[in-house]
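For reference, the structure is listed below as structure tokens.
Number of protein chains: 2
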Amino acid sequence: MRQNQARRMALLDAAIDVLAREGARGLTFRAVDAQAGVPGGTTSNYFANRDDLLTQAGTRIYEHMQPDVATMAKSLEGPRDRERVTGLMHDLVERIGAYSVGYLALLELRLEATRRPALRAVLTEQVKANVDANVEYHLGTGLPGDATTVELLYLAMNWLIVERLTLPGVFTEARLRELVDGAVERIVPAG
Amino acid sequence: MRQNQARRMALLDAAIDVLAREGARGLTFRAVDAQAGVPGGTTSNYFANRDDLLTQAGTRIYEHMQPDVATMAKSLEGPRDRERVTGLMHDLVERIGAYSVGYLALLELRLEATRRPALRAVLTEQVKANVDANVEYHLGTGLPGDATTVELLYLAMNWLIVERLTLPGVFTEARLRELVDGAVERIVPAG
DNA sequence: AACGTAGTACTACAAATGGAGTGGTGTCAA
DNA sequence: TTGACACCACTCCATTTGTAGTACTACGTT
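These protein sequence lines are chains A and B, in that order.
Under full-length UniProt numbering, read the first sequence as residues 1 to 191, first letter to last.
Under full-length UniProt numbering, read the second sequence as residues 1 to 191, first letter to last.
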């Protein structure tokens with residue numbers, strides 16, 4: 001088992017690309033080798049088995065999904081009203097759209113989690129932590145609404161992103177923006 | 001190419017099971033043979049290639065996903081208020097939970113659609129038709145709200161179901177019911 | 001500066017797996 | 001008798017895996 005952390009991370013990032021492109025079942029050691037541009041057999045040296053690779057990829061994705069520092073800082077300025085929430089939601093959709101590979105990989109992992117208890121446990125923790133962090137952030141910064149508000153936005157925005165990434169022909173981009181606006185208007189109380 | 005329609009449908013239903021259990025990439029002709037309990041090679045005789053099998057499975061799922069006649073009839077009685085919508089949403093979540101195999105297969109197909117234009121076209125049509133039908137039904141029966149109402153409910157309910165089926169540890173069943181109630185309360189105007 | 005060692009990169013091999021497609025034979029019904 | 005289908009068997013092909021073996025690099029020691 002190799003210990004070179006930089007290479008291990010590079011392999012995990014390659015694994016995420018493979019997940020998005022080929023699906024969970026297409027995530028073979030050799031495919032990761034090819035994607036990472038390393039000699040065949042390398043991934044075998046870094047991960048004990050597919051379960052190992054999948055769970056580590058699951059945690060790795062969340063490291064990339066966090067909003068960057070600038071976004072977080074920006075969101076601390078100005079009034080804490082509904083318009084602010086609308087802005088945050090548009091940013092969210094944009095940000096995830098820009099990292100669509102990660103989001104698609106995460107969907108693949110969710111489906112794979114129905115078959116792999118170890119992966120399911122890891123993802124459950126990550127998602128729970130993510131939802132809780134969103135709730136705490138929202139309430140902590142004084143944005144309008146309660147925990148249910150945040151969770152309902154979470155639900156609506158997630159499927160909106162799924163729709164946008166997997167079947168972009170169902171809703172136009174303009175309609176999707178209207179739906180983001182509409183979701184905030186109806187779910188978030190006027191602050 | 002065989003013409004026996006009963007057997008073709010049985011193979012498609014087996015394909016849906018395989019999709020949910022093994023993922024899109026696991027949908028091989030031989031796996032369908034095994035799932036359907038027919039001799040190896042049979043599926044090869046009924047479908048020209050994997051693309052053919054996947055797209056036909058995509059249309060087949062929607063035949064199973066329609067609410068049954070009793071449900072539709074029941075929903076035409078009584079007042080057209082917000083409580084009625086709440087009931088419909090709980091029914092929806094229940095109904096899809098009971099056919100989780102179909103829903104998971106559909107998710108697999110969505111992801112596969114990012115790689116297969118033919119499948120994407122088929123699914124886009126199906127989903128569009130489904131959303132439109134929901135909107136028309138809602139407005140047509142005089143339930144409160146507009147098209148945006150229906151589409152926001154569609155978004156929230158879909159991800160709620162994803163959460164429930166793929167990572168059931170994130171939200172408790174009780175919390176999920178509260179979220180259904182909360183979604184209707186906030187998204188649907190008091191009728 | 002030379003040496004030894006540990007960890008890593010790379011190559012190559014051998015084996016196993018599993019799936020696709022097809023030809024042939026049996027069966028049933030019109 | 002004929003045509004369509006069910007079933008079976010076989011071959012070919014592509015892919016993956018794990019690991020053994022070799023080469024390289026960095027670093028600490030003498």
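In this text, a Cβ means the ideal position worked out from N, Cα and C, and glycines have one as well.
The model shown is predicted, which means the values in this text are computed figures rather than measured ones.
E77/A and L119/A have their C-alpha atoms spaced approximately 38 Å apart.
In this structure, R110/A and T172/B do not form a Cβ contact; the two beta carbons are roughly 18 Å apart against a cut-off of 8 Å. In this structure, DSSP gives Q56/B a helical state, which the three-state scheme calls helix. The criterion of a C-beta distance shorter than 8 Å is not satisfied by A190/B and A156/A. Against chain A, the beta carbon of V122/B has no neighbour under 9 Å; the closest one sits roughly 10 Å away. Here L104/B is not near A57/B, since their CB atoms are 8 Å or more apart. Counting along the chain, the unbroken alpha helix (DSSP H) around S44/A starts and ends at 42-46. Going by beta carbons, T86/B and V170/B fall outside the 8 Å limit.
None of the residues of the segment 78-93 of chain A has a beta carbon lying less than 8 Å from any beta carbon of chain B. Chain-ordered, the chain A residues with CB closer than 7 Å to the CB of G169/B read T124. For A98/B, the three-state secondary structure derived from DSSP is helix. For a cut-off of 8 Å, the C-beta gap from V122/A to T59/A is around 6 Å, short enough to register as a contact. One thing to note: L11/A has its Cβ no nearer than 8 Å to the Cβ of A34/A. Close partners of T166/A in chain B (Cβ separation under 7 Å): R110, L111, A113, T114.
I187/A has a beta carbon lying within less than 8 Å of a beta carbon in chain B.
The C-alpha of V93/A lies about 34 Å from the C-alpha of A15/B.
Around the C-beta of R84/A, 16 or more other C-beta atoms lie within 10 Å, and the residue is accordingly described as buried. CA-CA distance, M9/B to D146/A, rounds to 48 Å.
L76/A does not reach chain B, its nearest Cβ partner there being about 26 Å away, counting only Cβ pairs nearer than 8 Å.
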